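Undergrad:
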Amino acid sequence: MSNHYDSYFLMDSGDVSGYVKSRIDFFGKDEALTVEEIGDGDVNYIFRVQGTEKSLVVKQAGRVTRVDPTWELTTDRGRIEAEYLAVQRDLTPGSVPEIYRYDPVMSAIIMEDMAGYIPLRKALLKRIRFPRFAGLFSTFLVNALIFTSDITRDHLQKKEMVKQFISPQMCAIFEKLRNTEPFIDLYKRNRILPENIGFVRREFYEDTELRLEAAKLKFDFMNKPQALIHSDLHTGSIFVREDGIKVFDSEFSFFGPMGVDPGNFTAHLFFAWANAEAEPEQTADILDFKRWLLDTVEEFFYLFTKKFKAAFTSNATDELAKTPGFCEWYLGDLLAEAAGVCGLELARRTIGLSHIEDLTGIKDETRRARVERVVLRLAKGLILNRDRVVKGADYTSMLRQAVEDENHDENYKE
Ligand code: SR1
Ligand code: MG
6 MSNHYDSYFL
16 MDSGDVSGYV
26 KSRIDFFGKD
36 EALTVEEIGD
46 GDVNYIFRVQ
56 GTEKSLVVKQ
66 AGRVTRVDPT
76 WELTTDRGRI
86 EAEYLAVQRD
96 LTPGSVPEIY
106 RYDPVMSAII
116 MEDMAGYIPL
126 RKALLKRIRF
136 PRFAGLFSTF
146 LVNALIFTSD
156 ITRDHLQKKE
166 MVKQFISPQM
176 CAIFEKLRNT
186 EPFIDLYKRN
196 RILPENIGFV
206 RREFYEDTEL
216 RLEAAKLKFD
226 FMNKPQALIH
236 SDLHTGSIFV
246 REDGIKVFDS
256 EFSFFGPMGV
266 DPGNFTAHLF
276 FAWANAEAEP
286 EQTADILDFK
296 RWLLDTVEEF
306 FYLFTKKFKA
316 AFTSNATDEL
326 AKTPGFCEWY
336 LGDLLAEAAG
346 VCGLELARRT
356 IGLSHIEDLT
366 GIKDETRRAR
376 VERVVLRLAK
386 GLILNRDRVV
396 KGADYTSMLR
406 QAVEDENHDE
416 NYKE
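If you want my numbering, it's the position in the sequence shown, counting the first as 1, plus 5.
(1) If I measure Cβ to Cβ from Phe275 and keep anything under 7 Å in the same chain, skipping five residues before and after, which residues do I get?
(2) I'd like to confirm something about Val48: is its beta-carbon nearer than 7 Å to some heavy atom of ligand 4, or not?
(3) Under the three-state reduction of DSSP, which class applies to Met6: helix, strand or coil?
(4) Assuming Leu387 and Gly348 make a contact with CB atoms under 8 Å, what is their CB distance in whole Å?
(5) Let me know the secondary structure DSSP gives Val48 once reduced to three states.
(6) Is Asp237 a contact residue of ligand 2, with contact defined as CB to any heavy atom under 7 Å?
(7) Compute the minimum distance between the beta carbon of Thr70 and the heavy atoms of ligand 1, and state whether it is under 7 Å.
(8) Within 10 angstroms of its Cβ, does Leu423 collect 16 or more other Cβ (buried), or is it exposed?
(9) Check whether the segment 233-242 and the segment 203-213 are in contact - that is, three or more C-beta pairs closer than 8 Å.
(10) Which whole runs of the beta strand (DSSP E) in the segment 218-251 are 3 residues long or more, in chain order?
(11) May I ask you to check if the CB of Leu182 is nearer than 7 Å to at least one heavy atom of ligand 1?
(12) Taking just the CA atoms, how far does Arg158 sit from Val40?
(13) In angstroms with no decimal places, state the Cα-to-Cα distance between Val48 and His235.
(14) In whole angstroms, give me the CA-to-CA distance for Gly249 and Arg134.
(15) Mark Trp278 as exposed unless 16 or more other C-beta atoms lie within 10 angstroms of its C-beta, in which case mark it buried.
(16) Using C-beta distances below 8 Å, list every residue in its chain close to Trp76, excluding the 5 sequence neighbours before and after it, in chain order.
(17) Taking only heavy atoms of ligand 1 into account, decide whether any of them is closer than 7 Å to the Cβ of Trp278.
(18) Please report the residue range of the beta strand (DSSP E) in which Ser60 lies.
(19) At a cut of 8 Å, does the segment 49-61 reach the segment 216-224 through at least three beta carbon pairs?
(20) With H, G and I counted as helix, E and B as strand and the rest as coil, what does DSSP make of Thr271?
(21) With the cut-off set at 8 Å, would you say Ala139 and Thr301 are in Cβ contact?
(22) Hey, Pro102 and Glu117 are a contact pair by Cβ (cut 8 Å); roughly how many whole angstroms apart?
(23) Who pairs with Thr39 in a beta bridge, going by DSSP?
(24) Are there any heavy atoms of ligand 1 lying less than 7 Å away from the beta-carbon of Ser359, as far as the coordinates show?
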């Protein structure tokens with residue numbers, strides 16, 4: 006092992022103090038540091054480094070995933086993550102953690118410790134509401150998308166950015182996990198609750214109309230470099246506090262369809278809803294929390310649409326894009342894509358390999374199976390009818406329909 010950190014190795018907590026001091030002038034030379042590994046994801050190693058007065062975070066990309074040592078991943082994803090955050094820092098200052106240094110040798114990012122912020126998923130599982138979230142998040146996303154697209158950027162410069170962010174191996178993960186495997190268990194790694202295996206076979210694997218729509222969405226994902234997207238934006242990749250958000254974990258970023266980020270994220274608000282829906286006691290507080298989540302979906306799409314149109318009108322540089330009607334056409338396509346991707350994400354986190362705590366944390370398996378079928382019915386509705394999903398209320402009424410269909414399904418009566 007090198008102790009000069011001049012060639013790549015996977016660090017453990019004991020290596021990190023020396024590493025940080027070798028790379029940046031942040032702590033005192035002789036300052037005692039405490040290092041704790043805090044990563045709980047499937048992929049990377051995250052260390053919090055605490056000094057006497059200040060702290061920071063080191064995120065290192067391993068050459069294989071944490072969940073499966075035979076699953077190799079490019080360590081260049083650390084660069085992609087850092088460069089996405091640098092772009093977004095300029096577009097919406099304060100909305101991403103500050104990067105102190107990206108180190109290509111160790112594939113490590115040394116960044117701000119987001120003290121005072123908590124992961125949104127953890128907060129929602131504790132039923133904490135964030136009334137300002139839809140406003141903050143819609144501003145971030147509109148800026149992130151419209152200001153990296155051909156609508157506002159010089160087309161040559163945008164194409165240079167497409168090159169900068171090309172990431173075939175990371176894209177391939179989602180082409181499989183999100184775009185393919187909910188519809189065909191191609192690699193025999195899907196994980197479905199035993200009670201729902203028949204439902205998934207009938208409603209997903211054997212539905213050729215659904216598979217056709219999924220194929221269209223997959224080819225959009227692979228062939229539509231509209232804007233710099235995060236691509237793995239969910240409630241675990243956003244830290245929040247009452248008056249702020251910090252988006253991070255952007256290692257899957259590339260130039261893709263604009264609808265991916267709003268759609269993928271919205272799926273996770275529905276997962277938070279599903280977790281609350283599975284509570285045996287539907288108290289007034291739980292009912293109010295579920296209502297707040299659905300109100301947030303509606304408010305988010307309302308604000309996103311409004312801000313997107315305003316940003317388009319004030320900032321479009323492409324002469325043809327300024328043609329009356331073009332913005333509405335473009336936005337309509339984006340919103341349909343978002344609905345479709347929301348459906349894909351709902352399906353893959355329920356059927357596929359990568360599950361989330363919102364569902365796995367539901368202890369009563371019958372209740373979990375029920376909300377998973379509701380989620381899957383919603384997923385199907387969104388994918389098949391995405392052209393008609395133009396506002397937040399279309400999502401929430403589709404969810405209500407999914408609940409009703411589940412309640413009336415004779416196969417699943419208690
Ligand atoms: C090896 S990739 C596994 C998961 O981590 C990422 O956060 C993606 O969501 C993916 O499902
Ligand atoms: Mg990640």
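We treat Cβ as the ideally placed atom computed from N, Cα and C, and that holds for glycine.
Predicted, not measured: the structure shown is a model, and the values here were computed from it.
TA: The short version:
(1) Position 270 of the sequence shown, counted from the first residue, corresponds to residue 275. Result list for Phe275: Leu351, Val380, Leu383 and Leu404, in chain order.
(2) Ligands in the displayed structure: ligand 1 and ligand 2; ligand 4 is not one of them.
(3) Residue mapping note: residue 6 aligns to position 1 of the sequence shown, counting from 1. Below a pLDDT of 50, predicted positions are generally treated as unreliable, and Met6, at 49, falls in that range; the measurement from the model is reported next regardless. It is coil, neither helix nor strand.
(4) For the purposes of this step, residue 387 is taken as the residue at position 382 of the sequence shown. For the purposes of this step, residue 348 is taken as the residue at position 343 of the sequence shown. Contact between Leu387 and Gly348 holds, with the beta-carbon distance rounding to 3 Å and staying under 8 Å.
(5) In the sequence shown, counting from the first residue as 1, residue 48 sits at position 43. In this structure, Val48 counts as coil in the three-state DSSP scheme.
(6) As a working mapping, residue 237 is identified with position 232 in the sequence shown. Yes, the beta carbon of Asp237 sits closer than 7 Å to at least one heavy atom of ligand 2.
(7) Along the sequence shown, read from residue 1 onward, the residue named residue 70 stands at position 65. Checking every heavy atom of ligand 1 against the Cβ of Thr70, one is found closer than 7 Å.
(8) The structure shown has nothing for residue 423, since the chain only spans 6 to 419.
(9) The answer is no - the segment 203-213 does not touch the segment 233-242, with fewer than three Cβ pairs under 8 Å.
(10) Entirely contained in the segment 218-251, the beta strand (DSSP E) runs reaching 3 residues are, in chain order, 232-234 and 243-246.
(11) Within the sequence shown, numbered from 1, the residue matching residue 182 stands at position 177. Yes, ligand 1 has a heavy atom inside 7 Å of this Cβ.
(12) Sequence index remark: in the sequence shown, residue 40 carries index 35 (1-based). Sequence index remark: in the sequence shown, residue 158 carries index 153 (1-based). Those two C-alpha atoms are separated by around 42 Å.
(13) Here residue 48 refers to the residue found at position 43 of the sequence shown. Here residue 235 refers to the residue found at position 230 of the sequence shown. Going by C-alpha positions, Val48 is about 16 Å away from His235.
(14) Locating residue 249 in the sequence shown gives position 244, where the first residue counts as 1. Locating residue 134 in the sequence shown gives position 129, where the first residue counts as 1. Between the C-alpha atoms of Gly249 and Arg134 there is a straight-line separation of about 13 Å.
(15) Here residue 278 refers to the residue found at position 273 of the sequence shown. The residue is buried, with at least 16 neighbouring Cβ atoms inside 10 Å.
(16) As a position in the sequence shown, residue 76 is number 71, starting the count at 1. Answer for Trp76: Val69 and Thr70, listed in chain order.
(17) As a working note, residue 278 is residue 273 in the sequence shown. Flag unset: Cβ of Trp278 not near ligand 1.
(18) The residue you call residue 60 lines up with position 55 of the sequence shown. From DSSP, the beta strand (DSSP E) with Ser60 extends over Ser60 to Gln65.
(19) Short answer: they don't touch.
(20) As a position in the sequence shown, residue 271 is number 266, starting the count at 1. Under the three-state reduction of DSSP output, Thr271 falls in the helix class.
(21) In the sequence shown, the residue the question calls residue 139 occupies position 134. In the sequence shown, the residue the question calls residue 301 occupies position 296. Between Ala139 and Thr301, the CB-CB gap stays under 8 Å.
(22) As a first step, residue 102 is located in the sequence shown; it is residue number 97 there, counting from the start. As a first step, residue 117 is located in the sequence shown; it is residue number 112 there, counting from the start. That belief holds up - the Cβ atoms of Pro102 and Glu117 are roughly 4 Å apart, short of 8 Å.
(23) Residue mapping note: residue 39 aligns to position 34 of the sequence shown, counting from 1. As computed with DSSP, Thr39 is found in a beta bridge with Gln55.
(24) Mapped onto the sequence shown, residue 359 falls at position 354. For ligand 1, at least one heavy atom lies less than 7 Å from the Cβ of Ser359.
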